[in-house]
Amino acid sequence: MQPGTTIPTFTPTNSGFYPLPAGLSTRRRIALVLTILVIIAILAASLIWLSWSGQRGLELGYPQPVVHINQLTAQTYHTQDEIQFSAQGTGRDLKYTWAFDDTPSANTSDTSNTSSSGTNVVNKEGQHVNFVFTSVGSHNVTVTVTDPLGHISQDKMSVTTYPPKPVVTFTTDNSFYTYVYFRVDTSNIGESTSIASCTWDFGDGTVEDDTSSYNCTSNSHSYSKGGTYTVKLVVTDTFGQKSDPATQTVQVQGS
1083 MQPGTTIPTF TPTNSGFYPL PAGLSTRRRI ALVLTILVII AILAASLIWL SWSGQRGLEL
1143 GYPQPVVHIN QLTAQTYHTQ DEIQFSAQGT GRDLKYTWAF DDTPSANTSD TSNTSSSGTN
1203 VVNKEGQHVN FVFTSVGSHN VTVTVTDPLG HISQDKMSVT TYPPKPVVTF TTDNSFYTYV
1263 YFRVDTSNIG ESTSIASCTW DFGDGTVEDD TSSYNCTSNS HSYSKGGTYT VKLVVTDTFG
1323 QKSDPATQTV QVQGS
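The number in this note's numbering is simply the position in the sequence shown, starting from 1, with 1082 added.
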C-alpha cells in the first residue's frame, strides 16, 4: 500500500448489515456475493445431510421388527388353567404388550365375566406371560412389539377354553332286595355345561348308555341274584368331555 493511501472503513447500516467495500469492482462484488451464497448453500446442505444421515443411521440401527407367538404346549385348556404364553421378536429394544380377550363366546351361557360393553380384554406386558381365562369359548390373543422409533409388529392366535371336566358322585339305596336305586350328585358341574349322556356299568354284565337327563341323574337296576357288585358311572358333558368313573360297591340281598 502506497504511503498516504486511505484505508477503507466499514460502518454498520441501520439494518445491521455491512456494505461491500466501495473499492471493489462490480465483477468482484458479484463474485463475492456468489461465494457467500455458495458457502451458505454448502452449510445448509451439510446440515440437511447430517440430519438425514443421523436419522437414517438411527433407522438402520432399528430395523422393522417382526414378532411371532410361540406354539402352546398343550392341545386342550380349561377355564382356571394357567396358560404360559411366549413370543419371539426380531429387532432391538422391543417392548411386548399382550391383549387377552376373555369375553365369553356367544354360543355359551357363561356371561359371568362380561363387562357392560360386552367385552373383557386384559393387557399384560413382557415377552413371557401367564394368563388364566375365566370364561368358556374361543378367545383372541394378540401380542404387539414396539421399538424406540415407534415401529410395531403384531401376531395373533386363538385359544379355546373348555369348562372343567365333569365330576359326579352317586349314592345307592339297596333296601329293596335285588332292586337298587342310584342318585347322582351333579353339583360339581359348572353352569357353562351340562350332562349330555352317561354310561352305567352295574357290575353284573349290564352296561347301559343313556342320553336321558333323568337316567343320568337318577337310575335304578334290578339284579337277578344277591351278591357284591361294583357299579361305575361315566358322564359326558355338552362339550364332549368325559368324567372320571365314579364307583360304588353295592351289597345286594338275595330275594
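For glycine and all other residues, C-beta sits at the position ideal for the given N, C-alpha and C.
Given that a residue counts as buried once 16 or more other Cβ atoms are within 10 Å of its Cβ, and exposed if not, what is residue 1198?
-> Sequence index remark: in the sequence shown, residue 1198 carries index 116 (1-based). Confidence is the limiting factor: at residue 1198 the pLDDT is only 39, short of 50, which leaves the residue's position unreliable, though a coordinate-based value still follows. Result: exposed.
Quick one: what does DSSP say residue 1123 is sitting in, helix, strand or coil?
-> Within the sequence shown, residue 1123 is the residue found at index 41, counting from 1. Residue 1123: helix per DSSP, three-state reduction.
Please report how far the alpha carbon of residue 1275 lies from the alpha carbon of residue 1233, in whole angstroms.
-> Counting from 1 along the sequence shown, the entry for residue 1275 is found at position 193. Counting from 1 along the sequence shown, the entry for residue 1233 is found at position 151. So the alpha carbons of these two residues sit roughly 44 Å apart.
What whole-angstrom Cβ distance do residue 1248 and residue 1333 have, given they're in contact under 8 Å?
-> As a first step, residue 1248 must be located in the sequence shown, where it is residue number 166. As a first step, residue 1333 must be located in the sequence shown, where it is residue number 251. Between residue 1333 and residue 1248 the Cβ distance is about 28 Å, and since that is not below 8 Å, they are no contact.
Spell out the partners DSSP gives residue 1151 in its beta bridges.
-> Numbered from 1 along the sequence shown, position 69 holds the residue referred to as residue 1151. Per DSSP, 1169.
In angstroms with no decimal places, state the Cα-to-Cα distance between residue 1107 and residue 1123.
-> Your numbering for residue 1107 matches position 25 in the sequence shown. Your numbering for residue 1123 matches position 41 in the sequence shown. Near 24 Å, if we compare the C-alpha coordinates of residue 1123 and residue 1107.
Would you check if the region 1224-1242 and the region 1267-1283 touch, i.e. whether three or more CB-CB distances between them fall below 8 Å?
-> no
Cβ separation of residue 1250 and residue 1315, assumed to be a contact under 8 Å, to the nearest whole Å = The residue given as residue 1250 occupies position 168 in the sequence shown. The residue given as residue 1315 occupies position 233 in the sequence shown. Yes, they are in contact, since the Cβ atoms of residue 1250 and residue 1315 sit about 6 Å apart, within 8 Å.
Grouping DSSP H, G and I as helix and E and B as strand, with all else coil, what is residue 1202?
-> Taking the first residue of the sequence shown as position 1, residue 1202 is located at position 120. If DSSP states are grouped into helix, strand and coil, residue 1202 belongs with coil.
By Cβ distance below 6 Å, which residues in the same chain neighbour residue 1148 in space, the five residues on each side in sequence not counted?
-> Start at 1 with the first residue of the sequence shown, and residue 1148 comes out as number 66. Here the set comprises 1172 and 1235.
What does residue 1029 pair with, by DSSP beta-bridge criteria?
-> In the structure displayed, the chain extends from 1083 to 1337; residue 1029 sits before or after that span and is not available.
Check residue 1112 in the structure and name its three-state DSSP category.
-> Position 30 of the sequence shown holds residue 1112. Helix at residue 1112.
Limits of the alpha helix (DSSP H) - the one that residue 1297 falls within | Along the sequence shown, one-based indexing puts residue 1297 at 215. Segment 1295-1299, the alpha helix (DSSP H) holding residue 1297.
For my contact list, residue 1259 and residue 1335 are in at a C-beta cut-off of 8 Å; report their separation, rounded to the angstrom.
-> Against the sequence shown, residue 1259 aligns to sequence position 177. Against the sequence shown, residue 1335 aligns to sequence position 253. Indeed they touch by this definition, with Cβ atoms about 5 Å apart.
Would you kindly work out how many angstroms separate the C-alpha atoms of residue 1208 and residue 1178, rounded to a whole number?
-> One-based indexing of the sequence shown puts residue 1208 at position 126. One-based indexing of the sequence shown puts residue 1178 at position 96. Taking the straight line from one Cα to the other gives about 5 Å.
Taking DSSP as the reference, what is the three-state secondary structure of residue 1179?
-> The residue labelled residue 1179 in the question sits at position 97 within the sequence shown. DSSP places residue 1179 in strand when its eight states are reduced to three.
Compare the Cα-Cα distances from residue 1243 to each of 1182, 1114, 1110 and 1127 and report the closest residue.
-> As a first step, residue 1243 is located in the sequence shown; it is residue number 161 there, counting from the start. Comparing Cα-Cα distances from residue 1243 to each of 1182, 1114, 1110 and 1127, the minimum goes to 1182.
Give me the Cβ distance between residue 1340 and residue 1312, rounded to the nearest whole Å; I'm assuming they're in contact under 8 Å.
-> Beyond the ends of the chain as shown, which are 1083 and 1337, falls residue 1340; an answer cannot be given.
Taking the alpha-carbon positions, what's the residue 1294 to residue 1217 distance?
-> For the purposes of this step, residue 1294 is taken as residue 212 along the sequence shown, with counting starting at 1. For the purposes of this step, residue 1217 is taken as residue 135 along the sequence shown, with counting starting at 1. Roughly 27 Å separates the two Cα atoms.
DSSP three-state assignment for residue 1234, whether helix, strand or coil | Within the sequence shown, the letter at position 152 stands for residue 1234. If DSSP states are grouped into helix, strand and coil, residue 1234 belongs with the strands.
Roughly how many whole angstroms lie between the Cα atoms of residue 1185 and residue 1278?
-> Taking the first residue of the sequence shown as position 1, residue 1185 is located at position 103. Taking the first residue of the sequence shown as position 1, residue 1278 is located at position 196. Distance between the alpha carbons of residue 1185 and residue 1278 is about 25 Å.
Between residue 1327 and residue 1283, what straight-line distance do the alpha-carbon atoms span, to the nearest angstrom?
-> Position 245 of the sequence shown, counting from 1, holds the residue named residue 1327. Position 201 of the sequence shown, counting from 1, holds the residue named residue 1283. Looking at the two C-alpha atoms, the distance is approximately 10 Å.
Identify every residue that forms a DSSP beta bridge with residue 1252.
-> Here residue 1252 corresponds to residue number 170 of the sequence shown, with the count starting at 1. Answer is 1266, bridged to residue 1252.
Tell me the DSSP bridge mates of residue 1307?
-> Position 225 of the sequence shown holds residue 1307. Looking at the DSSP assignment, residue 1307 forms no beta bridge with any residue, so it has no partner.
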